[in-house]
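**Student:** I'd like to ask some things about the structure below.
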Amino acid sequence: MEGKRLTIYAMEELECPKCGHKHSLKKYKVINVTEKAKLKEEIMKNRLYQFSCEECEYMAPLTYDSLYVDSRRNIMIYMAPVMNAEIKAEIAELEQEKGIDKRLVDNINDLKEKIMIADNHLDDRVIEIIKIMYIDQMKKEMEDDTLLNILFDYNRDNYCFLVFFQKKGIGKIPLTREFYRQVEDKYKDAIKEHSMDSFMKVDMEWAGKILFKNHNKFN
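In this note's numbering, the protein residues as written are 1442 to 1660.
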């Protein structure tokens, strides 16, 4: 099992969709940042999952299925843009490894967010619950605008959420450690009840089920 989690990549020839120039690109099947720490920086700076044409300067995200492993943070994150039988079989095999947090995402932004949360020693399950709470407070703003996304971010020791609106653009909501700890303590039993030792897709849909189920209990 340990060998399967070492960094693995294959060279693949891709054609630029704009000019047709052919490129030889590394596509990573496994990214072990404990083994190769620089790859984390490549992900966070949008270099690794990126197609860049040196001929016409066309750039585009390149999302494909791959496994991110950080043994120091005790987490594995499987990014699968499209689920299929082969990926399901691979995930089932990976799930035999116990005692490590396992997450499932389908896009690069969610992968980067999970990495940032883990790097700050926070619990992504608590973060997703807080997102729902903050969205509930933004109902008035959402009457004449569309919320596109909300993502955890940080600057040194300061936590926040980046809020993406269709009209207003990007806003920022601070997150204090005190509020984080309050939510963590309040929902710890519910979080435990809704968690399992397998690849979980921890997002706002997952958090919404916890809040809905526990609404009467805490009100």
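Backbone N, C-alpha and C define an ideal beta-carbon position, used for all residues, glycine too. No experiment lies behind these values; they were computed from the predicted model shown.
Please identify the residue among C1494, K1477, Y1628 and E1495 whose C-alpha is closest to the C-alpha of R1566.
**Tutor:** Looking up residue 1566 in the sequence shown gives position 125. It is Y1628 whose Cα lies nearest to the Cα of R1566.
**Student:** State the Cα-Cα distance for the pair I1472 and C1460, rounded to the nearest angstrom.
**Tutor:** Here residue 1472 is taken as the residue at index 31 of the sequence shown, counted from 1. Here residue 1460 is taken as the residue at index 19 of the sequence shown, counted from 1. Using only the alpha carbons, I get a separation of about 30 Å.
**Student:** Is I1571 closer than 8 Å to Y1621 when the C-beta atoms are compared?
**Tutor:** Taking the sequence shown and counting its residues from 1, one reaches residue 1621 at position 180. Taking the sequence shown and counting its residues from 1, one reaches residue 1571 at position 130. Contact flag set, yes.
**Student:** In this structure, how does DSSP classify D1560 when only helix, strand and coil are distinguished?
**Tutor:** Counting from 1 along the sequence shown, the entry for residue 1560 is found at position 119. Three-state DSSP puts D1560 in a helix.
**Student:** Hey, how far is the Cα of I1591 from the Cα of E1646?
**Tutor:** Counting from 1 along the sequence shown, the entry for residue 1591 is found at position 150. Counting from 1 along the sequence shown, the entry for residue 1646 is found at position 205. Cα-Cα distance, rounded: 13 Å.
**Student:** I need the DSSP call for Q1491, collapsed to helix, strand or coil.
**Tutor:** In the sequence shown, the residue the question calls residue 1491 occupies position 50. Q1491 falls in the strand class under three-state DSSP.
**Student:** Whose C-alpha, out of L1489, C1601 and C1497, is nearest the C-alpha of P1458?
**Tutor:** Position 17 of the sequence shown, counted from the start, is the residue given in the question as residue 1458. When each option's Cα is compared against that of P1458, the closest is C1497.
**Student:** Looking at C-alpha atoms only, which residue of L1652, S1493, Y1595 and K1650 is the closest neighbour of H1462?
**Tutor:** The sequence position of residue 1462 within the sequence shown is 21, counting from 1. Here the closest residue by C-alpha is S1493.
**Student:** Given this structure, state the Cα-to-Cα distance separating K1477 from S1636, to the nearest angstrom.
**Tutor:** On the sequence shown, residue 1477 is found 36 positions in, with the first residue counted as 1. On the sequence shown, residue 1636 is found 195 positions in, with the first residue counted as 1. Roughly 30 Å between the two C-alpha positions.
**Student:** Scan the segment 1500-1571 and note each continuous alpha helix (DSSP H) run of 4 residues or more that stays entirely inside, going in chain order.
**Tutor:** 1526-1535 and 1549-1560
**Student:** Drop a sphere of 10 angstroms on the beta-carbon of D1630, count the other beta-carbons inside from all chains shown, and report buried for 16 or more, exposed for fewer.
**Tutor:** By 1-based counting over the sequence shown, the position of residue 1630 is 189. Of the other Cβ atoms in all chains shown, fewer than 16 fall within 10 Å of the Cβ of D1630; this residue is therefore exposed.
**Student:** Near L1447, what residues of its chain come up, given a Cβ to Cβ distance below 7 Å and the 5 sequence neighbours on each side ignored?
**Tutor:** For the purposes of this step, residue 1447 is taken as the residue at position 6 of the sequence shown. Excluding five sequence positions before and after L1447, the CB atoms of its chain that fall closer than 7 Å to its own CB belong to V1471, N1473 and E1476, given in chain order.
**Student:** Using 10 angstroms around the beta-carbon of M1442, count the other beta-carbons present and answer buried if the total reaches 16, otherwise exposed.
**Tutor:** As a position in the sequence shown, residue 1442 is number 1, starting the count at 1. The pLDDT assigned to M1442 is 40, lower than 50, so where the model puts this residue is not dependable, and the model offers no usable value.
**Student:** What does DSSP give as the partner residue(s) for K1479 in the beta ladder?
**Tutor:** As a working note, residue 1479 is residue 38 in the sequence shown. Partner(s): none; K1479 has no beta bridge.
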